[in-house]
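> Following this message is one structure expressed as structure tokens.
Protein chains: 2
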Amino acid sequence: MTGNIRPSRPRQPESPVRQENLRPLNLELIFRHIVATGRPVSRTELATVTGLARPTITRIAEELLAGSLLTETGLTRNGRAGRPRVGLTLSDRGPAGLGLDIRADALAACVVDLTGTVRHLAFAPSTYAGADAPDVLARLAHMARAAIEAVTAEDLTVVTATLAVPGPVHAGVVRSAPELGWREVDAGALLRAALDHLGPLDLPLTVDNQANLAALGELYAGDNAPSSFVYVSGGLGIGAGIVLDGRLLRGARGWSGELGHVTVYPDGEPCPCGSRGCLQTYASLPAILGDEPAPAGTTPDTAVTGRAEEGRPATLAALDRAGTTLGVALADTLNILDIDTVLLGGSFSLLSSWLTANIRAEIDRRVLSAAWAPVTIRPALLGPDAAVIGAALTSIDQVRQHPTTWLARSPGSRPEGLREPDAG
Amino acid sequence: MTGNIRPSRPRQPESPVRQENLRPLNLELIFRHIVATGRPVSRTELATVTGLARPTITRIAEELLAGSLLTETGLTRNGRAGRPRVGLTLSDRGPAGLGLDIRADALAACVVDLTGTVRHLAFAPSTYAGADAPDVLARLAHMARAAIEAVTAEDLTVVTATLAVPGPVHAGVVRSAPELGWREVDAGALLRAALDHLGPLDLPLTVDNQANLAALGELYAGDNAPSSFVYVSGGLGIGAGIVLDGRLLRGARGWSGELGHVTVYPDGEPCPCGSRGCLQTYASLPAILGDEPAPAGTTPDTAVTGRAEEGRPATLAALDRAGTTLGVALADTLNILDIDTVLLGGSFSLLSSWLTANIRAEIDRRVLSAAWAPVTIRPALLGPDAAVIGAALTSIDQVRQHPTTWLARSPGSRPEGLREPDAG
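From first to last, the protein sequence lines are chains A and B.
All residue numbers for the first sequence refer to the working numbering, where the first residue is 1 and numbers rise by one.
All residue numbers for the second sequence refer to the working numbering, where the first residue is 1001 and numbers rise by one.
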């Protein structure tokens, strides 16, 4: 019996590897090795690890030093007797990444340098619900300017910016952020206009989902971050950032992780999204607060923790229900994705001691693989700052991944060297 | 305010690109271009597309022809006047991939050649539930031998085999396949032993999840397969294969897609897995058949379609419920993953006319992005043969992806050519 099945579908054509392509490839190879080790590396070690000739290493190192991507550090000893060696390490006076975040309690701005160190972190109190988009983004533009000025004084150059928003985004446009009262808001264009209003500035902008950026913050920042996890961002709404094998899973169009709208009870409470029984209607902060919203002067999460610590029965019952429904929705997520770690982030990191037992009970009962492979559930590390730090780290990661692009822009570098064929 | 955040985590060290690596890279480049186009390609076109020198193209083409990876075909015309040109195309007399499947109605074996054409497809009736593992795998080993003999007569060489099983797999071991009554069955070792019992055979074996392989079958075989979709495999159980941006999403440990155990009603019907309200308890074939199992001599899916066509109220109501619960579980999946196409496979492809309306209603109501980006729901193309064809295509894809590995094994090739530095 035979039948005709087509061969696999066309892939993107690839480029052949030729001599003139070797130099930038080898520069990126060396740079990424230094990024990956996270410690000073000697030229000798670079030659050994990469197998490249010493003169090639020397020339590439000079280029990276001139472009402020690397610096020569203090001396390192390799544990044996002998002369201490000069190490190459990531520069803390070169390019930097800016992160901006619109969150429940504040607007936030953050700058990180190439080493991943936070160099600037600022907040401005903000009323969240029903926020007027041009006004919010004008205030963020001022914060961005202030951040850039502050770090310029420390010899840093902000090269790119990322804005975190609580909702799905497409090409800079926020599709739907019910907590802000936004629908189809072109946040990228509004922020661009607000920045331009403050004076000329050559700063590429990206708008991205808050839960995704927070997950990236945890991935980069965590000393022992697992390589696959579901980051649950709890607050006025609920979102998730999914990291699989060290990479953020954005979905086909960048709208993955809408955990707040996973159905828990098909015929349950109506949700503003138009559906019924969404997780959000049981486990968001407003759902936990119920008929008693947070009093003036407190935030929703401090109101919930305060009442829970007092032992108020209604609050404890609401937290029980939140934990159980979170457990059901997360079990669905883990059955679909096969991930074995859940990080409770945002407000859920503060509430984890009331939520974790019920989440675990539902996961152990409902996730098929839990029978032979236990699931880890723990609070996230960065708390409510995860998204703005993740946004800044995402910005600087563009330089980490593509150092030649930065070198071509950097006035201190010799970009013409990149174009000349050189066999090394 | 400053804080210390670690730079991104170590990546796998990469190899520098050096002269002696160029030749196999360029061979793979040329081969993949021919795989991707799916039509005969002239040496002139290869030179133009890859930018490689004509003598390099000629040498590599000879190597691929000698190794039976390519063949010179008939002549092609490019639509203009002039001499017809000799084209290079994938060989149909070289390496081949074997697929084996354990499914509800039968054991199946399939061989595809390098062009993706099915060259052998055979079935043996099989009782499914409570199947004795050594017996089933011994029968499959006989079918594998017969398949290899049949295609050897057509000058094909089966180089690798893939076995599809209805459950999560780890390193050849089937963790749990309730429909077979299997738990922790080392299917890889049992099949290996059964094959060895029939005589010496150098055939690498892989065991993989049925829904995953069926999704790959759809991806490779579909003329217009979308690059991202959820393939739902319906039958005695329910599984899903998730394809995102043209790649199968296996999850952290290869156990993704357990759609049958997504919770629909948290306090609903008990499931053999130990949970309650799993999709499987409402939408699998046994759930749809209810108190009246399929009579002897019919399969569960023909029993369901027969009764539905007769208009039996109990069957129509059960199909309504199956569609609604499938819609709820799929809406969860799409909210989490951001995928806009659902392919109904296995028995669901036969039942799609009774299921689709309810699935669509739930998805339109519950998937956040459906408001601005409609979801496609349609039957899969390959029907119940998807998994065995997908298994065979997965096998041959190893040669497509790594032609140099095959050349090094192939007696007709000149593997020493691969090891000699040659600048082309």
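Don't be surprised by glycine CBs; every beta carbon is placed ideally from N, CA and C.
1. Closer than 9 Å by beta-carbon distance: list the chain A residues that pair up with Gly1257/B, in chain order.
2. Look at the Cβ atom of Ile57/A, then the Cβ atom of Ala47/A, and state whether they are nearer than 9 Å.
3. Look at Arg1253/B and Ala215/A and say whether their C-beta atoms are less than 9 Å apart.
4. I'd like to know if Asp1320/B contacts chain A, where contact means its C-beta is closer than 9 Å to some C-beta of that chain.
5. Using a Cβ-Cβ cut-off of less than 9 Å, give me the residues of the region 193-220 of chain A that come near chain B, in sequence order.
6. Helix, strand or coil: which one does DSSP assign to Asn1209/B?
7. By alpha-carbon positions, which one of Gly1260/B, Thr1037/B and Ser1227/B ends up nearest to Leu1248/B?
8. Excluding five sequence neighbours on each side, which residues of the same chain lie with their C-beta closer than 8 Å to the C-beta of Leu1355/B?
9. Using a Cβ-Cβ cut-off of 7 Å (strictly less than) and excluding sequence neighbours within five positions of Gly172/A, which residues of its own chain qualify?
10. Taking 9 Å as the threshold (beta carbon to beta carbon), is Ser1349/B in contact with chain A?
11. Using the Cα positions of Leu1407/B and Gly1246/B, report the straight-line distance between them to the nearest angstrom.
12. Does the beta-carbon distance from Glu45/A to Pro403/A come in below 9 Å?
13. In chain A, what lies closer than 9 Å to Leu1027/B by C-beta?
14. Spatial neighbours of Thr315/A within its chain, please: CB distance less than 6 Å, with the 5 preceding and 5 following residues excluded, ordered by chain position.
15. Please classify His1120/B as buried or exposed, where buried requires at least 16 neighbouring CB atoms within 10 angstroms.
16. Within this structure, are the beta carbons of Gly260/A and Gly251/A separated by less than 9 Å?
17. At what residue ranges does the region 1158-1220 of chain B contain a whole run of the alpha helix (DSSP H), taking only runs of 4 or more?
18. Listing by chain order, which chain A residues have their CB less than 9 Å from the CB of Leu1191/B?
19. Taking Thr1302/B as the reference, which of Asp1105/B, Asn1026/B, Pro1272/B and Asn1224/B has the closest Cα?
20. Which ranges does the alpha helix (DSSP H) cover as unbroken runs of at least 4 residues, wholly within the region 1248-1326 of chain B, from first to last along the chain?
21. By DSSP, does Pro374/A sit in helix, in strand, or in coil?
22. Within a Cβ cutoff of 8 Å, which residues of the same chain sit near Arg276/A, ignoring the five residues on either side of it in sequence?
23. Just the chain B side, please: which residues come within less than 8 Å of Pro270/A by C-beta, in chain order?
24. Checking the sheet assignment: what are the DSSP bridge partners for Phe1229/B?
25. At a cut-off of 8 Å, is Leu1203/B close to the ligand NAD when judged by its beta-carbon and the heavy atoms of the ligand?
26. Report the residues of the region 1363-1380 of chain B with a CB closer than 8 Å to any CB of chain A, ordered along the chain.
27. In this structure, how does DSSP classify His402/A when only helix, strand and coil are distinguished?
28. Straight-line CA distance for Leu1088/B to Ala1036/B?
29. For Ala1240/B, which residues from the same chain have a beta carbon less than 6 Å from its beta carbon, with the 5 sequence-adjacent residues on both sides left out?
30. Within 8 Å, do at least three Cβ pairs link the region 330-344 of chain A to the region 367-381 of chain A?
31. Decide if the region 1383-1403 of chain B is in contact with the region 1108-1126 of chain B; the criterion is three or more beta carbon pairs, one per stretch, under 8 Å apart.
32. Using a threshold of 9 Å, state whether the C-beta atoms of Val1174/B and Pro1095/B are closer than that.
33. Compare the C-alpha of Leu114/A against each of Pro134/A, Pro166/A and Leu98/A and name the closest.
34. Return helix, strand or coil for Gly3/A, following the three-state DSSP convention.
35. With a threshold of 9 Å between beta carbons, is Glu416/A in contact with chain B?
Checking against the coordinates, here is how it stands:
1. Those are Asn335, Ile336, Leu337 and Asp338, listed as they occur along chain A.
2. yes
3. no
4. Interface with chain A (9 Å Cβ-Cβ cutoff): Asp1320/B is excluded.
5. Gly217, Leu219 and Tyr220
6. For Asn1209/B, the secondary structure class from DSSP, reduced to helix, strand or coil, is strand.
7. Ser1227/B
8. These residues qualify, in order along the chain: Leu1319, Ala1322, Gly1323, Leu1326, Leu1344 and Phe1348.
9. Here the set comprises Asp186, Ala187, Gly188, Ala189 and Val207.
10. no
11. 27 Å
12. no
13. Those do not exist, as Leu1027/B stays about 11 Å from chain A at its closest Cβ, beyond 9 Å.
14. Arg307 and Ala308
15. buried
16. No, the Cβ-Cβ distance between Gly260/A and Gly251/A is not below 9 Å.
17. 1187-1197
18. Within 9 Å Cβ-Cβ: nothing; Leu1191/B doesn't reach chain A, min ~22 Å.
19. The shortest C-alpha separation from Thr1302/B is found at Asp1105/B.
20. 1280-1283, 1285-1289 and 1300-1310
21. coil
22. Thr263, Tyr265, Pro266, Asp267, Gly268, Glu269 and Pro270
23. Residues of chain B passing the Cβ test: none, with the nearest at roughly 11 Å.
24. Beta-bridge partners assigned by DSSP to Phe1229/B: Val1243/B.
25. For the ligand NAD, the structure offers nothing, since it holds no ligand at all.
26. Residues Arg1365, Arg1366, Val1367, Leu1368, Ser1369, Ala1371, Trp1372 and Ala1373.
27. In the three-state scheme derived from DSSP, where H, G and I count as helix and E and B as strand, His402/A is classed as coil.
28. 13 Å
29. Ala1211, Val1230, Val1232, Gly1257 and Leu1259
30. yes
31. yes
32. no
33. Leu98/A
34. Low confidence applies to Gly3/A: its pLDDT is 41, below 50, so where it sits in the model is not reliable enough to give any reading.
35. Its pLDDT being 36, under 50, Glu416/A is placed unreliably in this model, and the value from its coordinates should be taken loosely. No - not a single Cβ of chain B is within 9 Å of the one on Glu416/A.
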